[in-house]
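Trainee:
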Amino acid sequence: MTTFAELLLNGISMGAVYALIALGFVIIFKASEVVNFAHASLLLAGGFLVAELHPSIGFWPALLAGVAGAALLGCLVEFLVIRRSKAASHSVLAIVTIGVDIILVTELTRQIGTDVMAMGDPWRDKVLHLGPVSIAQTRVVALLIAGVLITAFLLAFKYTGWGVAMRASAEDGETAALMGVRLGRVSLGAWAVAGALAAVAALFLAVFPTPGLDRTTGVIALKAFPAAILGGLDSTTGALAGGLIVGVTEALMTGYQSEMAFLGRGIGDVAPYLVMIIILLVRPAGLLGTRELTRV
Amino acid sequence: MSKAIITVATAAAAVLVPFYLEAFWLMAGIFAMSAAVGAIGINLLTGATGQLSMGHGFFLAVGAYGYVYLSSDSAGHLGGLGLPTPLAAVLAIGLAGVAGGLFSPIAGRLKGAYLGIATLALIFLGQHVLFNAEPVTGGYNGRPVPPLEIFGFTFADSPELMVLGVPFGGAEKLWFLAVALLLAAAWFARGVLHGRPGRAMNTIRDHETAAGVMGVPVARYRAGVFVLSSMYGGLAGVMVALAFQQTVPEYFGMLLSLDYLAMIVIGGLGSVGGAVAGAAFVSLLPQLLTRYSDALPLIAAPGAGGYSPAEASRMLYGIAVVTVVLFLPGGLLGLVSRARQALAGKVPHPSNPRSAR
């Protein structure tokens, strides 16, 4: 029972981190109709900045710099590539982001090399004991920070002018533009927010119990893609639900993998994808995605 | 007239090359041709039908490992069926088709980039199976690939064969096999694209609802093209396995699938020629950079700072993908046809969609 509680807590915390990534992914899709395969490289870039800067300027300024850097990088991608591409088809736009991803990931992995970079966070490997249940402090902090960020984002999405503009342009871009919403700016903002969220997620993917940031951190971040799609690619609540489902499944499958030895080593890593396939078989638009209907 | 000259020149080059080029370039050519077969397959799916697939590498793996498992004799802890190799090759392609068919409930219902994310699952599940199903796949170390043998003619270094005073080893023989397979694959894909199914596929890409209204069974077509493209992937997998002579699980990871998407975008979406041009570009670039790394600036041996040839080529074709989408719609192939039109002074007629693109 204790193991189960520990696994569940860890899973929820990881799920919150995945939700941060998936949320950024969904915002970009809503604002600019691009499926952003470069998301993992934005995340890696943010994490890399934090890891690179913290010895010289301290952890919190470094985190701020990482967040700002990833947001800026997101803006650059939107401004230099997405906005200028004349491709009408969504698939082609998605492939451009793959091109961007190849460029960024190649450069970043070259910079990182075979190093495992410490993030310099103040929580290190301290463990919090709640009765019989013990959980790493980093996980508790991840849950708290992700919770705060997600709540703040959802409130902003609902009540601020920026949020209204974003929702309006996602609903009907042309009408929103006629009402004076500047679509370019909305889309730029979405990429910035997504980059910033990804950088925060990078921090929590690379702290204890993981050894640190290395070249494979981007691959771990890919698990947020199933989170986004199983919740529904155009639903922010769906991204949260998807993130939690992915996090908890992964934690439980990894924790009990000795009981499931017949599935092979490392089943926890592929569990998110299995869950995604099962859900897509039942609901092709995801759990909370809008089913597309066309009147002819 | 000029078309006939190009055809004859290409054919002559394909026949003459093995007599002059060294084995390194022959192997590079064989890999490029295998890649071209796979790229044709994914261009049918992504280029012509508008369905993104990140899982193409998985179907190459099914083809490669299917061939190895079906044709090897079981030895030690490794299983195998010991079938005749040509039969094993055909069955392996069929197996890739079946794998694509099993995914069709998803491939038929999801569209575009949505499918792209769903197919990511294939890559990761595939890698998991490749590493864990040891009796079939050989696990981490992979398995040796038995050479293809058709009517007593073996595509390997032994028995030795001399043609016009040139020793014909495995590379030379495989070259001709690859040329033949690529021609067959290209011919079939051209037939699909230029016929009724091709028009239906393009309509689905351009306007799904319109396609449905005109009586195209959209879901069935999407699933069908997915199966066809996975069979092309399977054939490419068999060819790669024959060239490598050893299957390695890491090769079939996500980077491979990304390579294939890069190929079709760089070459030109939706056409056979584009797939072949892109495959040649993406698979020959690293070889060129490796071979001439001493003479090129910025490129250094791995570990010595600077860019390794592999990194430099990934960088270059990442940039190529972005550049092509931003500035060269139609890819390399579009560039060629535009250059030809400019030379001939012709303005494309709007009613001819192929020249207008």
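Residue numbers (the working numbering), protein chains in the order written: chain A, 1292 to 1587; chain B, 867 to 1223. For glycine and all other residues, C-beta sits at the position ideal for the given N, C-alpha and C. Keep in mind that this is a model prediction, so the values were computed, not measured.
Thinking just about the alpha-carbon of each residue, which of B/Gly1035, B/Met1120, B/Ala1050 and B/Tyr931 is nearest to the one in B/Ala1107?
Mentor: In the second sequence, residue 1107 of chain B corresponds to position 241, counting from 1. Measuring from the Cα of B/Ala1107, the nearest candidate turns out to be B/Tyr931.
Trainee: Within 8 Å (strictly less), CB to CB, does B/Tyr980 reach chain A?
Mentor: Counted from its first residue, the second sequence places residue 980 of chain B at position 114. For B/Tyr980, the answer is yes, since a Cβ of chain A falls inside 8 Å of its Cβ.
Trainee: Which term fits B/Ile1070, buried or exposed, when burial requires 16 or more other beta carbons within 10 angstroms of its beta carbon?
Mentor: Within the second sequence, the letter at position 204 stands for residue 1070 of chain B. Buried, because 16 or more other Cβ atoms sit within 10 Å of the Cβ of B/Ile1070.
Trainee: Just the Cα atoms here: how many angstroms apart are B/Arg1223 and B/Pro1195?
Mentor: In the second sequence, residue 1223 of chain B corresponds to position 357, counting from 1. In the second sequence, residue 1195 of chain B corresponds to position 329, counting from 1. Residue confidence is low: B/Arg1223 scores 42 on pLDDT, short of 50, so the model does not pin down where it sits. No coordinate-derived value is stated.
Trainee: If you follow the alpha helix (DSSP H) that A/Ile1403 is part of, which residue opens it and which one closes it?
Mentor: As a working note, residue 1403 of chain A is residue 112 in the first sequence. Element bounds for A/Ile1403: His1381 to Ile1403.
Trainee: Just grab the DSSP bridge partners of A/Val1418 for me.
Mentor: Locating residue 1418 of chain A in the first sequence gives position 127, counting from the first residue. Answer is A/Ala1427, bridged to A/Val1418.
Trainee: Between A/Leu1298 and A/Ala1542, which are expected to be in contact by the criterion C-beta below 8 Å, what is the C-beta distance as a whole number of angstroms?
Mentor: What you label residue 1298 of chain A is simply residue 7 of the first sequence in a count that begins at 1. What you label residue 1542 of chain A is simply residue 251 of the first sequence in a count that begins at 1. Confirmed, about 5 Å.
Trainee: What residue from B/Leu953, B/Ile896 and B/Ser938 has the CA that sits closest to B/Ala1001's CA?
Mentor: Translated into the one-based positions of the second sequence, residue 1001 of chain B becomes position 135. A small correction: the amino acid at residue 1001 of chain B is Pro; Ala does not occupy that position in the sequence shown. Looking at the Cα atoms, B/Ser938 is the closest of the given residues.
Trainee: Does A/Val1561 come within less than 8 Å of chain B when only Cβ atoms are used?
Mentor: The sequence position of residue 1561 of chain A within the first sequence is 270, counting from 1. It does: the Cβ of A/Val1561 has a partner Cβ on chain B nearer than 8 Å.
Trainee: Is any non-hydrogen atom of the ligand SAM found closer than 7 Å to the C-beta of B/Val874, if you look at the structure I gave you?
Mentor: This structure lacks the ligand SAM; in fact it carries no ligand of any kind.
Trainee: Which chain A residues sit within Cβ distance under 8 Å of B/His922?
Mentor: Residue numbering aside, residue 922 of chain B sits at position 56 when the second sequence is read from its first letter. Chain order gives no chain A residues near B/His922, where near means a beta carbon separation below 8 Å; the closest approach is about 13 Å.
Trainee: Taking Cβ-Cβ distances shorter than 8 Å, what residues in chain B pair up with A/Tyr1564?
Mentor: On the first sequence, position 273 is the one that residue 1564 of chain A refers to. By Cβ distance, chain B contributes Leu986, Ala987, Phe990 and Leu991.
Trainee: Go ahead and label B/Glu1177 buried or exposed: buried means 16 or more other beta carbons lie within 10 angstroms of its beta carbon, across all protein chains shown.
Mentor: If you number the second sequence from 1, residue 1177 of chain B lands on position 311. With 16 or more neighbouring CB atoms inside 10 Å of its own CB, B/Glu1177 falls in the buried class.
Trainee: Kindly say whether B/Ala1222, judged by its beta-carbon, lies nearer than 8 Å to any beta-carbon of chain A.
Mentor: As a first step, residue 1222 of chain B is located in the second sequence; it is residue number 356 there, counting from the start. The predicted model places B/Ala1222 with a pLDDT of 41, which falls under 50 and marks its position as unreliable, so this point remains unresolved.
Trainee: What residues are listed by DSSP as bridge partners for B/Arg1009?
Mentor: Locating residue 1009 of chain B in the second sequence gives position 143, where the first residue counts as 1. Bridge partners of B/Arg1009: B/Thr1113.
Trainee: Check the Cβ of B/Gly1090 against every Cβ in chain A and list those closer than 9 Å, keeping chain order.
Mentor: Taking the first residue of the second sequence as 1, we reach residue 1090 of chain B at position 224. What B/Gly1090 touches in chain A: nothing, since even the nearest Cβ is about 18 Å away.
Trainee: Roughly how many whole angstroms lie between the Cα atoms of B/Leu981 and A/Leu1565?
Mentor: Along the second sequence, one-based indexing puts residue 981 of chain B at 115. Along the first sequence, one-based indexing puts residue 1565 of chain A at 274. Near 15 Å, if we compare the C-alpha coordinates of A/Leu1565 and B/Leu981.
Trainee: Can at least three beta-carbon pairs, one atom from the region 1407-1424 of chain A and one from the region 1462-1469 of chain A, be found at a separation below 8 Å?
Mentor: With the cut-off at 8 Å, the region 1407-1424 of chain A and the region 1462-1469 of chain A do not touch.
Trainee: Taking C-alpha atoms, which residue in B/Ala1077, B/Leu949, B/Ala1102 and B/Gly923 lies nearest to B/Gly992?
Mentor: Here residue 992 of chain B refers to the residue found at position 126 of the second sequence. Taking only the C-alpha atoms, the option nearest B/Gly992 is B/Gly923.
Trainee: Am I right that B/Gly963 and B/Gln917 are in contact with their C-beta atoms under 8 Å? What's the rounded C-beta distance?
Mentor: Numbered from its first residue, the second sequence carries residue 963 of chain B at position 97. Numbered from its first residue, the second sequence carries residue 917 of chain B at position 51. So it is not a contact: roughly 16 Å between Cβ atoms.
Trainee: Taking the alpha-carbon of B/Ser1179 as reference, which of B/Val1138, B/Leu1209 and B/Leu1121 has the nearest alpha-carbon?
Mentor: On the second sequence, position 313 is the one that residue 1179 of chain B refers to. Comparing Cα-Cα distances from B/Ser1179 to each of B/Val1138, B/Leu1209 and B/Leu1121, the minimum goes to B/Leu1121.
Trainee: Do A/Met1305 and A/Gly1503 come within 8 Å of each other at the CB atom, strictly closer than that value?
Mentor: Locating residue 1503 of chain A in the first sequence gives position 212, where the first residue counts as 1. Locating residue 1305 of chain A in the first sequence gives position 14, where the first residue counts as 1. No, Cβ-Cβ distance for A/Gly1503 and A/Met1305 is not below 8 Å.
Trainee: Just to confirm my understanding: we take B/Pro1012, look at its own chain, exclude 5 residues before and 5 after, and list those with CB closer than 7 Å. What are they?
Mentor: In the second sequence, counting from the first residue as 1, residue 1012 of chain B sits at position 146. Answer for B/Pro1012: Ser937, Ser938 and Thr951, listed in chain order.
Trainee: Look at A/Met1558 and B/Leu1127 and say whether their C-beta atoms are less than 8 Å apart.
Mentor: For the purposes of this step, residue 1558 of chain A is identified with residue 267 of the first sequence, where counting begins at 1. For the purposes of this step, residue 1127 of chain B is identified with residue 261 of the second sequence, where counting begins at 1. In the sequence under discussion, the amino acid at residue 1558 of chain A is Ile, which differs from the Met named in the question. No, the Cβ-Cβ distance between A/Ile1558 and B/Leu1127 is not below 8 Å.
Trainee: For the beta strand (DSSP E) containing B/Asp1312, name the first residue and the last one.
Mentor: Coverage of chain B is limited to positions 867 through 1223, which leaves residue 1312 of chain B absent and any answer about it impossible.
Trainee: By how many angstroms is the C-alpha of A/Ile1318 removed from the C-alpha of A/Gly1480?
Mentor: Counted from its first residue, the first sequence places residue 1480 of chain A at position 189. Counted from its first residue, the first sequence places residue 1318 of chain A at position 27. Those two C-alpha atoms are separated by around 10 Å.
Trainee: Have a look at B/Gly1036 and A/Phe1499 and give me their C-alpha separation to the nearest angstrom.
Mentor: For the purposes of this step, residue 1036 of chain B is taken as the residue at position 170 of the second sequence. For the purposes of this step, residue 1499 of chain A is taken as the residue at position 208 of the first sequence. So the alpha carbons of these two residues sit roughly 51 Å apart.
Trainee: With DSSP collapsed to three states, give me the class of B/Gly1078.
Mentor: Locating residue 1078 of chain B in the second sequence gives position 212, counting from the first residue. Here B/Gly1078 sits in helix by DSSP.
Trainee: Taking only three categories from DSSP, how would you classify B/Arg1223?
Mentor: Residue numbering aside, residue 1223 of chain B sits at position 357 when the second sequence is read from its first letter. Any reading at B/Arg1223 needs caution, since the residue's pLDDT is 42, under 50, leaving its predicted position unreliable; the model's value is listed next. The answer is coil: DSSP assigns B/Arg1223 none of H, G, I, E or B.
Trainee: Output, in chain order, the set of chain A residues within a Cβ distance shorter than 8 Å of B/His994.
Mentor: Reading the second sequence from its first residue, position 128 is the one you call residue 994 of chain B. Chain A residues near B/His994: Gly1555, Gly1557, Ile1558, Asp1560 and Val1561.
Trainee: On a CA-only basis, which of B/Met1105, B/Trp891, B/Phe1042 and B/Val883 is nearest B/Ile959? Give me that one, please.
Mentor: Here residue 959 of chain B is taken as the residue at index 93 of the second sequence, counted from 1. The shortest Cα separation from B/Ile959 among B/Met1105, B/Trp891, B/Phe1042 and B/Val883 belongs to B/Met1105.
Trainee: Quick check: is the beta carbon of A/Ile1389 nearer than 8 Å to any beta carbon in chain B?
Mentor: Here the question's residue 1389 of chain A lines up with position 98 in the first sequence. With a threshold of 8 Å between beta carbons, A/Ile1389 makes contact with chain B.
Trainee: Skipping 5 residues on each side, what residues in its chain have a beta carbon closer than 7 Å to that of B/Ala898?
Mentor: Numbered from its first residue, the second sequence carries residue 898 of chain B at position 32. Excluding sequence neighbours, B/Ala898 sits near Ala1145, Ala1146, Ser1149 and Leu1150.
Trainee: Any contact of the region 1579-1586 of chain A with the region 1516-1535 of chain A, i.e. 3+ C-beta pairs under 8 Å?
Mentor: Remark: three or more beta-carbon pairs, one from each stretch, lie closer than 8 Å, so the region 1579-1586 of chain A and the region 1516-1535 of chain A are flagged as touching.
Trainee: Please confirm whether A/Met1544 and B/Ala987 have their CB atoms less than 8 Å apart.
Mentor: For this step, residue 1544 of chain A is matched to residue 253 along the first sequence. For this step, residue 987 of chain B is matched to residue 121 along the second sequence. Not a contact, by the Cβ cut-off of 8 Å.
Trainee: Would you mind telling me which residues of chain A sit closer than 7 Å to B/Tyr1087, beta carbon to beta carbon, in chain order?
Mentor: Here residue 1087 of chain B refers to the residue found at position 221 when the second sequence is read from its first residue. Contact annotation for B/Tyr1087 against chain A: no contact, minimum CB-CB distance about 16 Å [criterion: below 7 Å].
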